[in-house]
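Comments concern the structure below.
Number of protein chains: 2
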Amino acid sequence: MLSWDKLSVEQQQQVEYQLRILKRGAAEIVPEEALKMKIMKAVVTETPLKVKLGLDPSAPDIHIGHTVVLHKLRQFQDLGHEVQLIIGDFTGRIGDPTGKSETRKQLSEEDVKHNAQTYQAQLAKVLDLNRTSFYYNSTWLGELRFDDVLRLAGKVTVARMLERDDFAKRYAANQPIHVQEFFYPLMQGYDSVSLESDIELGGTDQTFNILMGRTLQGAYEIKEGQVAILMPLLEGLDGVQKMSKSLRNYIGIDEQPNDIFGKTMSIPDTLMLKYFELTTALSNEEIEELRQGLEAGTIHPRDAKLRLAKLYVEMYHSVEAAEEAEQHFITVFQKRTLPDDIEEVNLDSSHLEAGSLSIIKLLVSLSLQSSNGEARRSVEQGAVKINEQKLTDIHAQITPVDGDILQVGKRKFVRIKLS
Amino acid sequence: MLSWDKLSVEQQQQVEYQLRILKRGAAEIVPEEALKMKIMKAVVTETPLKVKLGLDPSAPDIHIGHTVVLHKLRQFQDLGHEVQLIIGDFTGRIGDPTGKSETRKQLSEEDVKHNAQTYQAQLAKVLDLNRTSFYYNSTWLGELRFDDVLRLAGKVTVARMLERDDFAKRYAANQPIHVQEFFYPLMQGYDSVSLESDIELGGTDQTFNILMGRTLQGAYEIKEGQVAILMPLLEGLDGVQKMSKSLRNYIGIDEQPNDIFGKTMSIPDTLMLKYFELTTALSNEEIEELRQGLEAGTIHPRDAKLRLAKLYVEMYHSVEAAEEAEQHFITVFQKRTLPDDIEEVNLDSSHLEAGSLSIIKLLVSLSLQSSNGEARRSVEQGAVKINEQKLTDIHAQITPVDGDILQVGKRKFVRIKLS
Chain P
1 MLSWDKLSVE QQQQVEYQLR ILKRGAAEIV PEEALKMKIM KAVVTETPLK
51 VKLGLDPSAP DIHIGHTVVL HKLRQFQDLG HEVQLIIGDF TGRIGDPTGK
101 SETRKQLSEE DVKHNAQTYQ AQLAKVLDLN RTSFYYNSTW LGELRFDDVL
151 RLAGKVTVAR MLERDDFAKR YAANQPIHVQ EFFYPLMQGY DSVSLESDIE
201 LGGTDQTFNI LMGRTLQGAY EIKEGQVAIL MPLLEGLDGV QKMSKSLRNY
251 IGIDEQPNDI FGKTMSIPDT LMLKYFELTT ALSNEEIEEL RQGLEAGTIH
301 PRDAKLRLAK LYVEMYHSVE AAEEAEQHFI TVFQKRTLPD DIEEVNLDSS
351 HLEAGSLSII KLLVSLSLQS SNGEARRSVE QGAVKINEQK LTDIHAQITP
401 VDGDILQVGK RKFVRIKLS
Chain V
1 MLSWDKLSVE QQQQVEYQLR ILKRGAAEIV PEEALKMKIM KAVVTETPLK
51 VKLGLDPSAP DIHIGHTVVL HKLRQFQDLG HEVQLIIGDF TGRIGDPTGK
101 SETRKQLSEE DVKHNAQTYQ AQLAKVLDLN RTSFYYNSTW LGELRFDDVL
151 RLAGKVTVAR MLERDDFAKR YAANQPIHVQ EFFYPLMQGY DSVSLESDIE
201 LGGTDQTFNI LMGRTLQGAY EIKEGQVAIL MPLLEGLDGV QKMSKSLRNY
251 IGIDEQPNDI FGKTMSIPDT LMLKYFELTT ALSNEEIEEL RQGLEAGTIH
301 PRDAKLRLAK LYVEMYHSVE AAEEAEQHFI TVFQKRTLPD DIEEVNLDSS
351 HLEAGSLSII KLLVSLSLQS SNGEARRSVE QGAVKINEQK LTDIHAQITP
401 VDGDILQVGK RKFVRIKLS
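Heads up: the protein sequence lines correspond to chains P and V, in order. Sequential numbering from 1 applies to the first sequence in full-length UniProt numbering. Sequential numbering from 1 applies to the second sequence in full-length UniProt numbering.
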């Protein structure tokens, strides 16, 4: 058993350094103490950890939300560890008994291969492919026979399965759960058995499935169960719902530079730091600087967001493309639509609670709208913009800053002056 | 669609004749209308029905309790139908995750083969082997791969599974149910898919599993789902609990003639007709005659039981062995131990309720014991016999008949005279 006291000072510093980086932004690490042990062992034995991520074979169109785990993987790689990417092609070949799930519609082997290639090209933009191994889980799952499957199914209880959030809810609501569905976590867990993964990454919605891998590794007597590093789900452009293709609130990493740039500029200010922390390669120190600047008001949110947008385009296209996209954004969006003679309107700070107020109240306070009802309708109809960014959430809380430009429809503009 | 009106009178009579025989003794037929349809079709098309029974590969020691379903199968055979016997060797090869179930301990292929041979020899005593096909379910189950298994598991819901009595109870009591266990009914059901069985037989404790076969046949689009014929569970020698090896209340068909005979004579009178109906080849008419004779008192229960004991020894050994066993029983048991000068004691009929009274009251009424407590202890210690048969159930209800001999210990005897 490795103990902290037996490590040299340099080794202890190395472990602490790695932990600081790896914990950044993580929603939960289960069990956290085991992560420390694994890193201690890796440092002492100079053996890289095997860090696993499962990929859905049906949706190779990666967006910024997906890159949260990819950036965490990249941090592992930069610290010398190895990444195992598992393409769940076996799962993808099975139809969904309910016929409802779009992501589980039956895929041909060709589909899967094609998707995997798309993945590799996209992932190369975040990951170091020299430290990345790709696997198809059909390699081992496809070899299992009925008796192997039964042994697998003998490792867990029905009650444990029904603890999974979505199962628990559906069971309680008398909605059908097919016995087949129990095998999705079992298969994902068996992948970890097969590859003897040390760590598995996923969003917080993957907690159950990843811990199943830890359980199964124990049941199959793999020395130390894997550690789950659970990353928060990234809210999309609306600032509320998880970024996803179906909600159309995403920034795709294969989108055109101008689209990536423009969409990034529409992220709510409140989420900006989270985006920096989870989806860029900025160091902890740089992010801290940014946070302090924003808090002190020495960095304008718009400038920070311009930086984020440029970072994305640099990462997913090139430095030149980023420059161009910025110019394009400034020219076409920021300049064009604003008239030269915007009226400056005083906003009484006493209207603000802790520096902010609701968009509805803001519109009325600035006399842009005559009533709450009118204000609400305008927001709902997409007629309201703040600093060129459309705002459609009637519950949005706004923190106005001197110089913010509020717009309703095509003709009403005001520039805020706090008083 | 076959309709009753289109059958000839002879065909209609044939269907009714078969149904009369096949329904005898059955606890439940699900769905009953479908059984009639299947027989109609068999009669009209002159195609035998495929009647399935699953056999546990671990326990080839058949007792009279097991023969309930075997006799039903034999009735099908005598009516021209075919029997499918499935040796569940695949199931037997899988260990039990709880390690608790004796019947599910892992069997080697040799064990299974050996057990199967023992089965054949024993089954030949009830079944017509010319109309019997033997199958090992590993033939098809062993060929299934993970994706086939997933498809199978996609045919049923978790809620449906948890409706099974024992699962429901265990789930409610927070006792573990392993996901593996869901596959026992699924495998049994898949056997019916594979063999396209028309009918499956089993005890009432098999209702869920057999109906799963019907469900799965539907899911795999086999035209008409199988019909479940559920036979009652036969109480053992104690007259209360299901006959089973573990409770030692059984008559094994491979036991020595004298043992079969003696054990049969110890069956409670009240169960005799059930034994005749479920475990002999006597015709419905003969059984009706017996029932009426016993009710009218023209047949003495002891004589009926002697007939049953002889029938068993004839069936499982030979006519000669049956004669010898009867002689042995009468000489050794019935004659030897009884003294010549047994006192006749009047039993006041007014003590009886609906013709019977408890063994405790009987012993006290006949002054064989001085108190209820003393009587209870004697029964518990196995010191009490009625007509040479030991009686150990202190709650036994006795229906005394003129001439019955009651005995306590080695020396106290009385012959009952009803008054």
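Cβ atoms here follow ideal geometry from the backbone N, Cα and C, with glycine treated the same way.
DSSP on V:M272, reduced to helix/strand/coil? Stepping through the second sequence from its first residue, residue 272 of chain V is reached at position 272. DSSP places V:M272 in helix when its eight states are reduced to three.
In chain P, which residues lie with their C-beta within 9 Å of the C-beta of V:P176? If you number the second sequence from 1, residue 176 of chain V lands on position 176. Under the 9 Å cutoff, chain P gives T157, V158, A159, R160.
Alpha carbon to alpha carbon, how far is P:L363 from P:L347? Within the first sequence, numbered from 1, the residue matching residue 363 of chain P stands at position 363. Within the first sequence, numbered from 1, the residue matching residue 347 of chain P stands at position 347. Answer to the nearest angstrom: the Cα atoms are 11 Å apart.
With H, G and I counted as helix, E and B as strand and the rest as coil, what does DSSP make of P:A27? For this step, residue 27 of chain P is matched to residue 27 along the first sequence. The answer is coil: DSSP assigns P:A27 none of H, G, I, E or B.
P:F208, enclosing alpha helix (DSSP H) - first and last residue: Locating residue 208 of chain P in the first sequence gives position 208, counting from the first residue. Counting along the chain, the alpha helix (DSSP H) containing P:F208 begins and ends at 207 to 219.
Have a look at P:T399, P:Y190, P:D254, P:L237 and flag the residue whose alpha-carbon is nearest the alpha-carbon of P:A124. Counted from its first residue, the first sequence places residue 124 of chain P at position 124. It is P:D254 whose Cα lies nearest to the Cα of P:A124.
Chain-ordered residues of the segment 121 to 144 of chain P with a beta carbon less than 7 Å from chain V: L141, G142, L144
Mapping DSSP to helix, strand and coil, what is V:E102? Stepping through the second sequence from its first residue, residue 102 of chain V is reached at position 102. Residue placement at V:E102 is poorly supported in this model, since its pLDDT is 47, which falls under 50; the coordinates are not used for a value here.
Below-8 Å beta-carbon distance, P:G88 vs any chain V residue: By 1-based counting over the first sequence, the position of residue 88 of chain P is 88. No, P:G88 does not count as interfacial toward chain V.
In angstroms, rounded to a whole number, what distance separates the CA positions of P:R376 and P:S367? Working through the first sequence from its first residue, we reach residue 376 of chain P at position 376. Working through the first sequence from its first residue, we reach residue 367 of chain P at position 367. When rounded, the distance between both Cα atoms is 14 Å.
So V:Q180 contacts chain P; which residues on that side make the cut at Cβ distance below 7 Å? Taking the first residue of the second sequence as 1, we reach residue 180 of chain V at position 180. What V:Q180 touches in chain P: L150, A153, G154.
Three-state class that DSSP yields for P:Y135 in the structure shown: Reading the first sequence from its first residue, position 135 is the one you call residue 135 of chain P. Three-state DSSP puts P:Y135 in a strand.
Out of V:F208, V:E380, V:S356, which one is the CA nearest neighbour of V:V401? One-based indexing of the second sequence puts residue 401 of chain V at position 401. Comparing Cα positions, the closest option is V:S356.
Tell me which same chain residues have a C-beta within less than 8 Å of the C-beta of V:M187, skipping the five on either side of it? Here residue 187 of chain V refers to the residue found at position 187 when the second sequence is read from its first residue. Closer than 8 Å at Cβ, skipping near neighbours: G88, F90, T91, N137, L141.
Using a Cβ cut-off of 8 Å (strictly closer), state whether V:G54 contacts chain P. Along the second sequence, read from residue 1 onward, the residue named residue 54 of chain V stands at position 54. Closer than 8 Å: no.
Spell out the partners DSSP gives P:M231 in its beta bridges. Within the first sequence, the letter at position 231 stands for residue 231 of chain P. Paired residues: P:G203.
Determine the burial state of V:A309: buried for a count of at least 16 other Cβ atoms within 10 Å of its Cβ, exposed for fewer. The count along the second sequence starts at 1 and reaches residue 309 of chain V at position 309. With 16 or more Cβ atoms within 10 Å of its Cβ, V:A309 is classed as buried.
Tell me the rounded alpha-carbon separation between P:G80 and P:L418. In the first sequence, the residue the question calls residue 80 of chain P occupies position 80. In the first sequence, the residue the question calls residue 418 of chain P occupies position 418. Each residue's alpha carbon lies about 51 Å from the other.
When the Cα atoms are used, what is the spatial distance from V:M272 to V:Y119? Within the second sequence, the letter at position 272 stands for residue 272 of chain V. Within the second sequence, the letter at position 119 stands for residue 119 of chain V. Spanning the two alpha carbons is a distance of roughly 27 Å.
Can you list, in chain order, the residues of its chain with a C-beta nearer than 6 Å to that of V:K385? Leave out the 5 residues immediately preceding and following it. What you label residue 385 of chain V is simply residue 385 of the second sequence in a count that begins at 1. Within the same chain, V:K385 has close Cβ partners Q407.
Using the beta-carbon of each residue, which ones in chain P are nearer than 8 Å to V:Y171? In the second sequence, the residue the question calls residue 171 of chain V occupies position 171. Within 8 Å Cβ-Cβ: V158, A159.
Note down the Cα distance separating P:V179 from V:F183, rounded to an integer number of angstroms. Translated into positions along the first sequence, residue 179 of chain P becomes position 179. Translated into positions along the second sequence, residue 183 of chain V becomes position 183. Each residue's alpha carbon lies about 9 Å from the other.
V:T47 by DSSP, collapsed to three states: which one? Along the second sequence, read from residue 1 onward, the residue named residue 47 of chain V stands at position 47. Correct three-state label for V:T47: coil.
Which complete beta strand (DSSP E) runs does the segment 317 to 373 of chain P hold, if anything under 3 residues is left out? 343 to 347
From the beta carbon of V:D147, is the nearest beta carbon of chain P less than 8 Å away? The residue labelled residue 147 of chain V in the question sits at position 147 within the second sequence. For V:D147, the answer is yes, since a Cβ of chain P falls inside 8 Å of its Cβ.
Would a check of beta-carbon distances place P:R164 closer than 8 Å to chain V? Reading the first sequence from its first residue, position 164 is the one you call residue 164 of chain P. It does not; no Cβ of chain V falls within 8 Å.
Continuous alpha helix (DSSP H) stretch holding P:I260: start and end: For this step, residue 260 of chain P is matched to residue 260 along the first sequence. Its alpha helix (DSSP H) spans residues 257 to 265.
Along the beta strand (DSSP E) that carries V:I86, what are the first and last residues, could you check? Position 86 of the second sequence, counting from 1, holds the residue named residue 86 of chain V. It spans 82 to 87 - the beta strand (DSSP E) in which V:I86 sits, taken as one unbroken run.
Mind checking if V:F183 is an interface residue toward chain P, Cβ cutoff 8 Å exclusive? Within the second sequence, numbered from 1, the residue matching residue 183 of chain V stands at position 183. Taking Cβ atoms only, chain P reaches closer than 8 Å to V:F183, which makes this a yes.
Going along chain V in order, which residues have a C-beta closer than 9 Å to the C-beta of P:R93? Start at 1 with the first residue of the first sequence, and residue 93 of chain P comes out as number 93. Residues of chain V passing the Cβ test: D147.
Hey, out of P:P31, P:I29, P:K36, whose CA is closest to P:Y17's CA? The residue labelled residue 17 of chain P in the question sits at position 17 within the first sequence. Residue P:K36 is the option with its Cα nearest to P:Y17.
Tell me where the beta strand (DSSP E) around P:V414 begins and ends. Locating residue 414 of chain P in the first sequence gives position 414, counting from the first residue. Counting along the chain, the beta strand (DSSP E) containing P:V414 begins and ends at 412 to 418.
So, is V:A153 buried or exposed, given that buried needs 16 or more other C-beta atoms within 10 angstroms? Locating residue 153 of chain V in the second sequence gives position 153, counting from the first residue. Classification for V:A153: buried.
Distance between beta carbons of V:I29 and V:K38, contact taken as under 8 Å: Your numbering for residue 38 of chain V matches position 38 in the second sequence. Your numbering for residue 29 of chain V matches position 29 in the second sequence. Actually they do not touch by this definition, with Cβ atoms about 11 Å apart.
Reducing DSSP to helix, strand and coil, say where P:K245 ends up. To locate residue 245 of chain P, count along the first sequence from 1; it is residue 245. Looking at P:K245 - three-state DSSP - the assignment turns out to be coil, as it is neither helix nor strand.
Would P:K72 pass as a contact of P:L201 if the rule is Cβ separation under 8 Å? Here residue 72 of chain P refers to the residue found at position 72 of the first sequence. Here residue 201 of chain P refers to the residue found at position 201 of the first sequence. Cβ distance < 8 Å, so P:K72 and P:L201 count as in contact.
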